[in-house]
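Enquirer:
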Amino acid sequence: MPVLTITEQTYNLLAEQAARRHVSIEEVVAAAVAQLRQPEAEQSGQPTWEERLRAFERLTQSIEAEAHRYPPGHRIDDSRESIYAERENAQL
1 MPVLTITEQT
11 YNLLAEQAAR
21 RHVSIEEVVA
31 AAVAQLRQPE
41 AEQSGQPTWE
51 ERLRAFERLT
61 QSIEAEAHRY
71 PPGHRIDDSR
81 ESIYAERENA
91 QL
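Per our numbering, residue 1 is the first one in the sequence shown, and the count goes up by one each step.
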């Protein structure tokens, strides 16, 4: 098995993180290495395309879950014509 020499300060930081997470030091190191292997976009805190898609799916599911609150056949008219109807009528 390979051996890695680190400073005592680094070891103490790893041990502290491991204790906080209730895992071994090896698991903390493995998680850090796995994070380094991720593309930079994922490391920057920007959501990935898959994360955005899952968030959108959760949103649509929550909207569908509230559908029972509206009368049968209810439709929202959010067309351009309905949004600006008052403005157009005022110009006539």
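Virtual Cβ for every residue (Gly too), placed ideally from N, Cα, C.
It should be emphasised that the depicted structure is a prediction, and the values quoted were computed from it without experimental measurement.
1) How long is the line joining the alpha carbons of Gln35 and Ser62, rounded to whole angstroms?
2) I'd like to know whether the C-beta atoms of Val29 and Leu14 end up nearer to each other than 8 Å.
3) So, Ala32 versus Ser24, is the Cβ gap smaller than 8 Å?
4) In the DSSP assignment, find the unbroken alpha helix (DSSP H) run with Thr60 in it and report its ends.
5) Nearest-angstrom Cα distance between Gln91 and Ala67?
Expert: Judging by the given coordinates:
1) In the sequence shown, residue 35 corresponds to position 35, counting from 1. In the sequence shown, residue 62 corresponds to position 62, counting from 1. Going by the C-alpha atoms only, they are around 31 Å apart.
2) Here residue 29 corresponds to residue number 29 of the sequence shown, with the count starting at 1. Here residue 14 corresponds to residue number 14 of the sequence shown, with the count starting at 1. Yes. Within cutoff.
3) To locate residue 32, count along the sequence shown from 1; it is residue 32. To locate residue 24, count along the sequence shown from 1; it is residue 24. Their beta carbons are not under 8 Å apart, which means Ala32 does not touch Ser24 by this criterion.
4) Locating residue 60 in the sequence shown gives position 60, where the first residue counts as 1. Its alpha helix (DSSP H) spans residues Trp49 to Ala65.
5) Residue numbering aside, residue 91 sits at position 91 when the sequence shown is read from its first letter. Residue numbering aside, residue 67 sits at position 67 when the sequence shown is read from its first letter. Answer to the nearest angstrom: the Cα atoms are 36 Å apart.
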